[in-house]
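First up is the structure itself, then whatever we jot down about it.
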Amino acid sequence: DAGVTQSPTHLIKTRGQQVTLRCSPKSGHDTVSWYQQALGQGPQFIFQYYEEEERQRGNFPDRFSGHQFPNYSSELNVNALLLGDSALYLCASSILSYEQYFGPGTRLTVT
Amino acid sequence: RKEVEQDPGPFNVPEGATVAFNCTYSNSASQSFFWYRQDCRKEPKLLMSVYSSGNEDGRFTAQLNRASQYISLLIRDSKLSDSATYLCVVNRNNDMRFGAGTRLTVKP
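Quick mapping for you: the protein sequence lines, in order, are chains A and B. Quick note on the numbering used here: the first sequence kicks off at 1 and runs consecutively. Quick note on the numbering used here: the second sequence kicks off at 1001 and runs consecutively.
Shown next as structure tokens:
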């Protein structure tokens, strides 16, 4: 049984560009949450998707948007990248809001 | 004030020691609680959920005090493999808030 998978593993972008990160949840999970983790900090909640809708959102600007597909996979889009967006982006899946299981993350570097 | 606060450590302990981590949260409406561990440059992995009555999983014991808005994790008989950062997590209305983590190093 595959766990949570994310792609790509690493990404380098330039300020002002746009990026799309992808996540496939653990089999049987219907909820996907996205987090941003800066070095030395705990993960910061971006948003959560359930039934293809954004159910909850953290304190992130509208430049951060997402989508969930009928197969429960999800995308995170970030527009107009800033240097401060450089971080590890983690996807977690769960059944509803119970225990979350994380993918390996995408390390984004903005130059 | 941060919503979830942890002592950042580091905690450096010898093998076999007992170590305890504390975590406080500010929102009394928080609904569920977890401990995760995170190894360097890896994703967080669920260690255990925390229940109101307290719960134990092998060498690990978690406690929750809702009145004081306090969560704890006790590790007995520390192993070298327990070296990691331990993250306290509080959930309210599907919004999971993580502490910054407590770093533990277990030495031979």
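C-beta atoms are modelled at their ideal positions from N, C-alpha and C, and glycine is treated no differently.
On the premise that residue j lies in contact with residue i, defined as a C-beta separation below 8 Å, what is that separation, rounded to the nearest angstrom?
i	j	result
residue 6 (chain A)	residue 103 (chain A)	4 Å
residue 972 (chain B)	residue 1083 (chain B)	Only positions 1001 to 1108 of chain B appear in this structure, which leaves residue 972 (chain B) out of reach.
residue 1099 (chain B)	residue 1004 (chain B)	4 Å
Considering only the alpha carbon of each residue, which of the options lies closest to residue i?
i	options	result
residue 20 (chain A)	A:91, A:27 and A:28	A:91
residue 1027 (chain B)	B:1087, B:1066, B:1103 and B:1105	B:1066
residue 110 (chain A)	A:14, A:3 and A:8	A:14
residue 1040 (chain B)	B:1108, B:1089, B:1097 and B:1081	B:1081
residue 45 (chain A)	A:36, A:65, A:87 and A:77	A:36
residue 71 (chain A)	A:26, A:11 and A:12	A:26
residue 31 (chain A)	A:89, A:68, A:64 and A:105	A:68
residue 1021 (chain B)	B:1037, B:1030, B:1032 and B:1031	B:1037
residue 62 (chain A)	A:74, A:80, A:88 and A:98	A:80
residue 1068 (chain B)	B:1089, B:1024 and B:1034	B:1024
residue 42 (chain A)	B:1032, B:1085, B:1108 and B:1048	B:1085
residue 1103 (chain B)	B:1003, B:1013 and B:1004	B:1013
residue 1006 (chain B)	B:1035, B:1088 and B:1105	B:1088
residue 1074 (chain B)	B:1096, B:1097, B:1092 and B:1048	B:1048
residue 98 (chain A)	B:1008, B:1034, B:1017 and B:1010	B:1034
residue 74 (chain A)	A:54, A:107 and A:100	A:54
residue 1106 (chain B)	B:1017, B:1031, B:1050 and B:1054	B:1017
Could you tell me if residue i is buried or exposed, where buried requires 16 or more neighbouring beta carbons within 10 angstroms of its beta carbon?
i	result
residue 1062 (chain B)	buried
residue 82 (chain A)	exposed
residue 85 (chain A)	buried
residue 52 (chain A)	exposed
residue 9 (chain A)	exposed
residue 993 (chain B)	Coverage of chain B is limited to positions 1001 through 1108, which leaves residue 993 (chain B) absent and any answer about it impossible.
residue 40 (chain A)	exposed
residue 1057 (chain B)	exposed
residue 66 (chain A)	buried
residue 12 (chain A)	exposed
residue 33 (chain A)	buried
residue 105 (chain A)	buried
residue 96 (chain A)	exposed
residue 24 (chain A)	buried
residue 1052 (chain B)	exposed
So what does residue i bridge to, in DSSP terms?
i	result
residue 1037 (chain B)	B:1045 and B:1086
residue 66 (chain A)	A:76
residue 1098 (chain B)	B:1089
residue 1004 (chain B)	B:1025
residue 29 (chain A)	None, per the DSSP bridge assignment.
How about residue i: is its Cβ closer than 7 Å to a heavy atom in the ligand COA?
i	result
residue 76 (chain A)	This structure simply doesn't include the ligand COA, nor any ligand for that matter.
Along the stretch 1049-1083 of chain B, what residues have a CB closer than 7 Å to any CB found in chain A? 1049
When you check each C-beta in the stretch 1087-1101 of chain B against every C-beta of chain A, which residues fall closer than 9 Å? 1087, 1088, 1089, 1091, 1093, 1094, 1095, 1096, 1097, 1098, 1099, 1100 and 1101
When you check each C-beta in the stretch 1030-1047 of chain B against every C-beta of chain A, which residues fall closer than 9 Å? 1031, 1032, 1034, 1036, 1038, 1041, 1042, 1043, 1044, 1045 and 1046
Please list the residues of the stretch 30-48 of chain A that have a C-beta atom closer than 7 Å to any C-beta atom in chain B, keeping them in chain order. 33, 41, 42, 43, 45 and 48
Contact set between the stretch 61-83 of chain A and chain B, restricted to residues whose Cβ is under 9 Å from the partner: none
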